[in-house]
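Engineer:
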Ligand SMILES: Nc1nc2c(ncn2[C@@H]2O[C@H](COP(=O)(O)OP(=O)(O)OP(=O)(O)O)[C@@H](O)[C@H]2O)c(=O)[nH]1
Ligand SMILES: [Mg+2]
Ligand SMILES: [Zn+2]
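In structure tokens form, the structure reads like this:
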């Protein structure tokens, strides 16, 4: 018996495809974000509010990952997306680089400034699969509870921005913001965080500024 | 549920490194606590995915590495316990200035083959 040393990252095939997606986006000068969150945290609501606020300023495409329906892509189109594409994962709990690679030809990338990808609602699996986007944005929400960074550390570690949605519910739901933020800070020091409400619009400007600023980089 | 993708990735890496004519008897995989969640169903997928390959019937061994935090105030290393009231604070000096130093590993370490 012989032992062959390897040390090779699992899912590196996905990473290679993600790099190809990134190259296609860069070639068309499209800035792309991957929005991940648990079901119902407000991914589609955030995308709708972002579309409404930036309509006329940026041409925004949306790819919506969903287990089976096209409800979210329809919502994005209604909110002003210049192009919206649905990916049905057929039961898969996350998008991967292959699915995005198959969806990209359905978009006219040259006519877009920004691409927003809504991942499948799931706080675990999407964190493991790079898509080729420039940034991954995690949407947390107040009713989920303040212990989520402690329970899903891998997810909080792998993101470049954090939206803390539904702050309009803070008066009604126990949520220790300090406890939550300390967990986030340990896992992901200096992470850009945007407490906001898609319902009232409070906090939205800071998020929109960040997004616009990233695109210019 | 992404065990199938994980399984296929492990198989592709394994076969790429298997010398022609040899048979794989074991694959050693390292999984950090903070990396992909993978459970024992991978072995089940493995048996199907590896059939008719040089790795058919090989044993999958998982070496799990717990997450470890380093206290930047006193230098203590400690594990990531369940969410305690004081969060990720150092159990020794209670400092909250800590950082993750282990737990993100997810790779094929080596394979065992025979001729
Ligand atoms: N109170 C309050 N409710 C909100 C806010 N944002 C979203 N919601 C509500 O939360 C629910 C889920 O919102 P969605 O935007 O569909 O959530 P999602 O993350 O896209 O959900 P899935 O795609 O199904 O995983 C809806 O009933 C929204 O109206 C908010 O800021 N405040
Ligand atoms: Mg949605
Ligand atoms: Zn300490």
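Protein chains in written order, with this note's numbering: chain A, 26 to 242; chain B, -3 to 111. For each residue, glycine too, the CB sits at the ideal point set by N, CA and C.
#1: Does residue 212 (chain A) come out as helix, strand or coil in the three-state DSSP assignment?
#2: Closer than 8 Å by C-beta to residue 125 (chain B): which residues in its own chain qualify, once you throw out the five before and the five after it? Chain order, please.
#3: Do the CB positions of residue 25 (chain B) and residue 61 (chain B) come within less than 9 Å of each other?
#4: With a floor of 4 residues, list each alpha helix (DSSP H) that falls wholly inside the region 171 to 205 of chain A, ordered by position along the chain.
#5: Figure out for me which residue from A:153, A:157, A:148 has the closest Cα to the Cα of residue 128 (chain A).
#6: In whole angstroms, give me the CA-to-CA distance for residue 88 (chain A) and residue 99 (chain A).
#7: Would you mind stating whether residue 134 (chain A) and residue 86 (chain A) have Cβ atoms separated by less than 9 Å?
#8: Under 7 Å, CB to CB, which of the residues in the region 138 to 149 of chain A have a partner in chain B?
#9: Which complete alpha helix (DSSP H) runs does the region 91 to 171 of chain A hold, if anything under 4 residues is left out?
#10: Does the beta carbon of residue 31 (chain A) come closer than 9 Å to any beta carbon on chain B?
#11: Give the secondary structure of residue 87 (chain A) by DSSP, where H, G and I count as helix, E and B as strand, and everything else as coil.
#12: If we ignore side chains and look at the alpha-carbon of each, how far apart do residue 92 (chain B) and residue 207 (chain A) end up?
#13: With 16 other CB atoms within 10 Å as the buried threshold, where does residue 43 (chain A) fall?
#14: Should residue 83 (chain B) be listed as close to ligand 2, given that the test is whether its C-beta is under 8 Å from any heavy atom?
#15: Which term fits residue 71 (chain B), buried or exposed, when burial requires 16 or more other beta carbons within 10 angstroms of its beta carbon?
#16: Would residue 10 (chain B) pass as a contact of residue 107 (chain B) if the rule is Cβ separation under 9 Å?
#17: If you draw a straight line from the alpha carbon of residue 71 (chain A) to that of residue 38 (chain B), how long is it in whole angstroms?
#18: Helix or strand or just coil, what does DSSP make of residue 74 (chain A)?
#19: Under 9 Å, Cβ to Cβ, is there at least one residue of chain A near residue 14 (chain B)?
#20: Taking the C-alpha atoms as reference points, what is the distance between residue 195 (chain A) and residue 166 (chain A)?
#21: Please write down, chain order preserved, every residue whose beta carbon lies under 6 Å from a heavy atom of ligand 3.
#22: Identify every residue that forms a DSSP beta bridge with residue 219 (chain A).
#23: Could you give the distance in angstroms between the alpha-carbon of residue 150 (chain A) and the alpha-carbon of residue -1 (chain B)?
#24: Please report how far the alpha carbon of residue 107 (chain A) lies from the alpha carbon of residue 141 (chain A), in whole angstroms.
#25: Hey, is residue 192 (chain A)'s beta-carbon within less than 9 Å of any beta-carbon in chain B?
#26: Expressed to the nearest angstrom, what Euclidean distance is found between the alpha-carbon atoms of residue 102 (chain A) and residue 27 (chain A)?
#27: Check this for me: beta carbons of residue 65 (chain B) and residue 95 (chain B), under 9 Å apart or not?
#28: Verify the contact flag: residue 150 (chain A), CB atom, against every heavy atom of ligand 1, threshold strictly below 8 Å.
#29: With distance defined between alpha-carbon atoms, name the residue in B:102, B:84, B:111, B:104 nearest to residue 214 (chain A).
#30: Pick out whichever of B:16, B:109, B:110, B:58 has its Cα sitting closest to the Cα of residue 102 (chain B).
#31: Looking at the secondary structure, which residues open and close the beta strand (DSSP E) in which residue 124 (chain B) lies?
#32: Is residue 133 (chain A) near ligand 2, in the sense that its beta carbon is under 8 Å from a heavy atom of that ligand?
#33: Listed in chain order, which residues of the region 185 to 210 of chain A have Cβ atoms closer than 7 Å to some Cβ of chain B?
#34: Using DSSP bridges, identify the partner residues of residue 58 (chain A).
Structural biologist: If we stick to the structure as given:
#1: helix
#2: There is simply no residue 125 (chain B) to check, as chain B begins at -3 and stops at 111 in what is shown.
#3: no
#4: As far as the region 171 to 205 of chain A is concerned, its whole alpha helix (DSSP H) runs of at least 4 residues are 173 to 176, 178 to 182.
#5: Nearest to residue 128 (chain A) by C-alpha distance, out of A:153, A:157, A:148, is A:157.
#6: 11 Å
#7: yes
#8: Flagged, chain order: 149.
#9: 96 to 103, 122 to 128
#10: yes
#11: strand
#12: 8 Å
#13: buried
#14: no
#15: exposed
#16: The answer is yes: Cβ separation under 9 Å.
#17: 35 Å
#18: helix
#19: yes
#20: Straight through space, the alpha carbons of residue 166 (chain A) and residue 195 (chain A) are spaced by roughly 10 Å.
#21: B:67, B:69, B:70, B:72, B:86, B:88, B:89, B:91
#22: A:188
#23: 10 Å
#24: Straight-line spacing of the CA atoms in residue 107 (chain A) and residue 141 (chain A) works out to 11 Å.
#25: no
#26: 57 Å
#27: yes
#28: Outside the cutoff, so no.
#29: Comparing Cα-Cα distances from residue 214 (chain A) to each of B:102, B:84, B:111, B:104, the minimum goes to B:84.
#30: B:58
#31: The question about residue 124 (chain B) has no answer, for chain B in this structure spans -3 to 111.
#32: With a threshold of 8 Å, the Cβ atom of residue 133 (chain A) does not count as near ligand 2, since no heavy atom of the ligand is closer than that.
#33: The region 185 to 210 of chain A vs chain B, Cβ under 7 Å: 204, 207, 208.
#34: A:141, A:160
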